[in-house]
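Single-structure report; data block below.
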Amino acid sequence: MALTEQLRQELDELVRNYPDKRAALIPFLHRCQEELGGWISPEVMEDCAEYFGLEPVEIYGVASFYPMFRLRPIGRHVVSVCRNISCDLRGADEIVQRACAVTSARVGESSDDGRFYLETVECQGACADAPMMVVDGTYHENLESDDVERILGGLE
Ligand code: FES
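As structure tokens, this is what we get:
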């Protein structure tokens with residue numbers, strides 16, 4: 012059983028907000044990813060399939076369609092650098108290069124020491140303060156490349 016009792020209780024609560032139980036699948040996959048190591052494991056897919064009355068492959072179909080869901084283990088800290096137009100025009104490429112250097116991870120991969128997972132993402136709604144990145148859910152905006160080392164360097 013991959014789902015904790017707490018997550019099962021949250022799911023019971025969540026589905027009450029939707030007219031169709033299955034509509035809760037995506038928000039619930041987000042909660043699973045947050046709580047269970049940053050990715051959707053095959054065991055989580057099986058548990059979700061049982062709960063929602065679907066086949067595991069249908070859960071896989073949803074989880075693999077959306078890029079925000081990860082289907083393999085990742086580093087402890089998720090570093091998401093925006094590469095949409097405002098950030099690109101204001102130096103996102105340099106931010107990405109610096110993030111690669113500081114984390115020792117390539118885009119779309121985790122660092123060998125398991126500290127970081129580095130990705131590029133679409134607009135995060137902070138265009139006015141571009142360029143920006145999100146680290147473990149916290150926005151960092153108006154970045155200079157030196158900020159990247161300051162922000163990421165202290166993370167264990
Ligand atoms: S383009 Fe980067 S936050 Fe909008």
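Positions 12 to 167 (the numbering used here) are the ones given, in order, by the sequence shown.
Heads up, the beta-carbon is just placed ideally off N, CA and C, and yes, glycines get one too.
These numbers come from a predicted model, not from an experiment.
Closer than 7 Å to a non-hydrogen atom of ligand 1 - does that hold for the CB of Met144? no
Name the DSSP bridge partner or partners of Ser121? Tyr128
Mapping the DSSP letters down to three states, classify Tyr71 as helix, strand or coil. helix
With a threshold of 7 Å, establish whether the CB of Asn153 neighbours any heavy atom of ligand 1. no
So, using beta-carbon positions, are Gln44 and Arg81 closer together than 8 Å? yes
Exposed or buried, which one is Ala139 when buried takes at least 16 other CB atoms within 10 Å? exposed
Examine ligand 1 and report whether any of its heavy atoms sits within less than 7 Å of the Cβ of Gly136. yes
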